[in-house]
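Using the UniProt record's numbering, you'd call the opening residue of the sequence shown number 1 and step up by one each time.
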Amino acid sequence: MAMLLPRATDPVPTERLLLTPIGLGDVDDLWRLYSDPLVARWTGPWSYDGVEAWARDMASRWLTDGVGKWLARDRSDGALVGRGGLSRMDLAGEAVLEVGWVVRDALAGRGFGTEIGRAALDWASTFFPALPVIAFTEVHNRASRAVMHHLDLRFEGIIHREGLVEGRDGLHPDAAFALYRRVP
Ligand SMILES: CC(C)(COP(=O)(O)OP(=O)(O)OC[C@H]1O[C@@H](n2cnc3c(N)ncnc32)[C@H](O)[C@@H]1OP(=O)(O)O)[C@@H](O)C(=O)NCCC(=O)NCCS
1 MAMLLPRATD
11 PVPTERLLLT
21 PIGLGDVDDL
31 WRLYSDPLVA
41 RWTGPWSYDG
51 VEAWARDMAS
61 RWLTDGVGKW
71 LARDRSDGAL
81 VGRGGLSRMD
91 LAGEAVLEVG
101 WVVRDALAGR
111 GFGTEIGRAA
121 LDWASTFFPA
131 LPVIAFTEVH
141 NRASRAVMHH
151 LDLRFEGIIH
161 REGLVEGRDG
171 LHPDAAFALY
181 RRVP
């Protein structure tokens, strides 16, 4: 009997979640997710049009890069939990996969961020074993850094890019981010 090999765009089941490649059909769910105050604070600000453009970009990344972010839903009832997964990017001239996670405010602190991240690391080992996996977040995003520690990513240093600065309002062009990397 022929074995069916897994494809990169197949839905990924985890213990509690079903992860599916983000496409334009997910815009309304993403808008709900990005409207949660904590999520908006760390990833926004978002407009509906901005969310739609982001989902379009993600769908095209899945087609052109063969990798992208997933929407995360509860396996048992389909309820929206968050989003996460991988994006191909250039880190100072090095091709890498960036892993990230976002969980609805009401569901934070139950291990979902770590569950999404672990699934992404496993997926990367299967489909892009030669690419390094990195993660970064503003230095004061303690929840996201805790997820990076749970996943045994190694702290590599500080990088600067547009983002939040502790104690100041708005986005800043030169915010400090903690950079982590999967140990080979
Ligand atoms: C970051 C985020 C995805 C984490 O999701 P989650 O489902 O809560 O993650 P987990 O439950 O797997 O782990 C969170 C850890 O952070 C810890 N944590 C949460 N808030 C914290 C804080 N203010 N200070 C220190 N640790 C914190 C939790 O205690 C937990 O660690 P523990 O399991 O050792 O107790 C979620 O908080 C989120 O979506 N935040 C807004 C969006 C965001 O910042 N995304 C990341 C962008 S880089």
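Glycine included, each C-beta is placed from N, C-alpha and C at the ideal position. The model shown is predicted, which means the values in this text are computed figures rather than measured ones.
Note that the C-beta distance between arginine 83 and alanine 135 is not below 9 Å.
By the beta-carbon neighbour count (other beta carbons within 10 angstroms, threshold 16), threonine 137 is buried.
Taken atom to atom, the span from the alpha-carbon of leucine 33 to that of alanine 72 is near 11 Å. For secondary structure counted as the alpha helix (DSSP H) over 4 or more consecutive residues, the UniProt domain "N-acetyltransferase" (16-152) holds these complete runs in sequence order: 27-34, 37-43, 48-64, 112-127, 142-150. With at least 16 other beta carbons inside 10 angstroms of its own, aspartate 36 counts as buried. Less than 9 Å separates the beta-carbon of proline 13 from that of leucine 19. Nearest Cα to alanine 53 within the set Leu97, Asp26, Arg154, Thr114: Asp26. In this structure, alanine 55 and tryptophan 46 do not form a Cβ contact; the two beta carbons are roughly 11 Å apart against a cut-off of 8 Å. Here the region 117-133 lies against the region 147-164, with 3 or more beta-carbon pairs under 8 Å apart.
Under the three-state reduction of DSSP, glycine 170 is assigned to coil, being neither helix nor strand. Pairing isoleucine 22 with valine 99, the inter-Cα distance amounts to about 15 Å.
Excluding sequence positions up to five before and after isoleucine 116, its CB lies within less than 6 Å of the CB of Ala72, Gly84, Trp101, all in the same chain and listed in chain order. Taking a 10 Å sphere around the C-beta of glycine 66, we find fewer than 16 other C-beta atoms and assign the residue as exposed.
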